[in-house]
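As structure tokens, the structure follows; a few thoughts come after it.
In my numbering, the protein residues as written are 910 to 1430.
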């Protein structure tokens, strides 16, 4: 990479920051948008960053939030499927953001794209190499911002009903971090060549969930103007009752009484994180296999989040926000890749039926019959991937899109990514998170797209499309066929592949079946 010699300096409200430049893009990384969240700031709303004198270097990632512990190792073939992991340290000093811009002192007002990382509100980082924003900023002439914020028990431990008013915001502190980051964008982005009146929030997987929740948060109103949900449509999150039960279980696990909430602020971070799994086990999982429910994720607390994000309807706060939403065709293959029975192609008929029954109940056999009709040449493993994708990501995407479109205030655009990765002998197909290097145009980095025929072309189309939507609120551009808005009457869906095409109401019979099952659940 050709590195420039300029050291760009931009003044923010907290002080001046120095970035770097390379290949026509200026980068500023590790900028604090809030104070450290340890000690007395733990579980509290984010506080503005300390101001500083002189010029602060914004030349490297500063760290990311403490992660959900105990996650299993992926099989060796998958460890770099999405590129290298973030090696910056885990820290409660994690309210930082990274920024890439084609210009910072040229008077331009570019669209701003704020990236919210995945990880189901429990893990992940805004510092991943696969989501570095330089190429997207360059191709789309946009400003790209990625955000780190509090996760899991640090960002979503609901103590309001146990500890009182002081902890009123603890159940959604991690979401309030994102609101604070959007305030930082509004107040500072013009100095980096961005338009504070044209901000798009976008995220994949758990990041798409964060976009879904922000659409229903009054405090975020007016801070963003468009939204993109990638493989993460979130209909429901934790209820106050369940969040209270989890908080009680955490206190019990740590040997604390209800009157000792303040002691949680001095518990070592690793000990606090270690209470997550036993608390969840103690409370048990409710029978909602088809719709989201996150432990130590956002909480419908009646204040910061007044209602479920999209149940029973779309929030009125999002009425004027255009939405681009979709997913990948074989999402679940990414998660089943660590299942030896599936990976080694040893799935039995009995196991297939049992697994489908776990999500579809009495309709399990009907689901299997339908997918065998839709995909007559598919193996048992591929039938399982298709059906579980439908039961999870796909039906949630459709329900959110239809409830948003029913408001008739701002357009909704639906897509389906169907380009298939050749990685791992093609076993992963169009897998979950495969869109990351395509949207960010970083296809040379992760295994899923490196040296893959057609990947560069699909990345050019997708990154251009995402930037077009950020600019105008419509994804239409010269690389695509005409793309009308999604409506319950036509259900127009853009298939993104080596050759893109528009389809009306794809897999209609499967949609109707999953809608019925999901509504019953």
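Just so you know, even glycine gets a beta-carbon here, dropped at the ideal spot from N, CA and C.
Same chain, Cβ closer than 8 Å to residue 911, five either side skipped, listed in chain order: For residue 911, the predicted model reports a pLDDT of 35, less than 50, meaning its position is unreliable and no value from the coordinates is stated.
Check each candidate in 1139, 1041, 977, 1324 and name the one with the smallest Cα separation from residue 1000. 977
First and last residue of the beta strand (DSSP E) that includes residue 1323? 1321 to 1326
To test your reading of the DSSP string, which unbroken alpha helix (DSSP H) runs of 4 or more residues are found completely within the region 1304 to 1379? 1304 to 1314, 1344 to 1348
Across which residues does DSSP place residue 1030 in a beta bridge pair? Answer by DSSP bridge pairing: none, since residue 1030 is not bridged.
So the candidates are 1416, 1267, 1425, 1080; which of them puts its Cα closest to the Cα of residue 953? Checking every option, the nearest Cα to that of residue 953 belongs to 1080.
Once the 5 residues before and after residue 1223 are set aside, which same chain residues still bring their CB inside 6 Å of it? 1312, 1313, 1316
Would you decide whether residue 922 is buried or exposed? Buried here means 16 or more other CB atoms lie within 10 Å of its CB. Classification for residue 922: exposed.
Does the region 1081 to 1091 come close enough to the region 1161 to 1168 to have 3 or more Cβ pairs within less than 8 Å? no
Consult DSSP for residue 973 and reduce its assignment to one of helix, strand or coil. strand
When you measure from the CB of residue 1086 to every non-hydrogen atom of the ligand HEM, does any distance come out below 7 Å? What this structure holds is no ligand at all, so the ligand HEM is not there to describe.
Using the three-state DSSP reduction, which class does residue 1191 fall into: helix, strand or coil? helix
Using CA atoms only, rank isn't needed, just tell me which of 1393, 1427, 1428 is closest to residue 1411. It is 1393 whose Cα lies nearest to the Cα of residue 1411.
Reference residue 1133, options 1355, 1142, 1121, closest by Cα: 1121
By alpha-carbon positions, which one of 1093, 1067, 1188 ends up nearest to residue 1152? 1067
Under the rule that 16 or more other beta-carbon atoms within 10 Å means buried, what is residue 1288, buried or exposed? exposed
Helix, strand or coil for residue 1403, going by three-state DSSP, please let me know. In this structure, residue 1403 counts as strand in the three-state DSSP scheme.
In the DSSP assignment, the alpha helix (DSSP H) including residue 1093 goes from what residue to what residue? 1082 to 1097
Segments assigned beta strand (DSSP E), at least 3 residues, entirely inside the region 1096 to 1130: 1103 to 1113
Suppose contacts are defined by Cβ-Cβ distances below 8 Å. Is residue 1034 in contact with residue 1042 by that definition? no
In or out: residue 1421 buried (at least 16 other Cβ within 10 Å) or exposed? exposed
With a threshold of 7 Å on Cβ separation, who are the neighbours of residue 1306 within its own chain once the five nearest residues in sequence on each side are excluded? 1142, 1234, 1235, 1236
Candidates 996, 1053, 1282, 1002, of which the one nearest residue 1372 by Cα: 1053
By the three-class DSSP mapping on this structure, what secondary structure does residue 1294 have? Here DSSP, grouped into helix, strand and coil, assigns residue 1294 to helix.
Buried/exposed call for residue 1046, threshold 16 Cβ in 10 Å: Under this definition residue 1046 is a buried residue.
Please give the ranges of any beta strand (DSSP E) in the region 1009 to 1085, keeping only runs that are unbroken, at least 3 residues long and fully inside the region. Annotation note: the region 1009 to 1085 contains the following uninterrupted beta strand (DSSP E) runs of length 3 or greater, listed N- to C-terminal: 1019 to 1025, 1052 to 1056.
For residue 1155, the first and last residue of its enclosing alpha helix (DSSP H): 1149 to 1162
Residue range of the alpha helix (DSSP H) that residue 922 falls in? Careful: residue 922 lies outside any alpha helix (DSSP H) and carries neither H nor E.
Within a Cβ cutoff of 6 Å, which residues of the same chain sit near residue 1139, ignoring the five residues on either side of it in sequence? 1113, 1117, 1344
For the alpha helix (DSSP H) that residue 1428 lies in, which residues bound it at each end? 1417 to 1429
Could you pull out every residue in the same chain whose Cβ sits closer than 6 Å to the Cβ of residue 1064, ignoring the five residues on either side in sequence? 1082, 1083
Span separating the alpha-carbon of residue 1126 from that of residue 1023: Near 17 Å, if we compare the C-alpha coordinates of residue 1023 and residue 1126.
Are the beta-carbon atoms belonging to residue 1356 and residue 989 less than 8 Å from one another? yes
contact_flag[the region 1240 to 1252, the region 1294 to 1309] where n(CB pairs < 8 Å) is 3 or more: Yes: at least three Cβ pairs fall under 8 Å.
Please report the residue range of the alpha helix (DSSP H) in which residue 1282 lies. 1273 to 1283
Consult DSSP for residue 1411 and reduce its assignment to one of helix, strand or coil. Of the three classes helix, strand and coil, the one that applies to residue 1411 here is strand, per DSSP.
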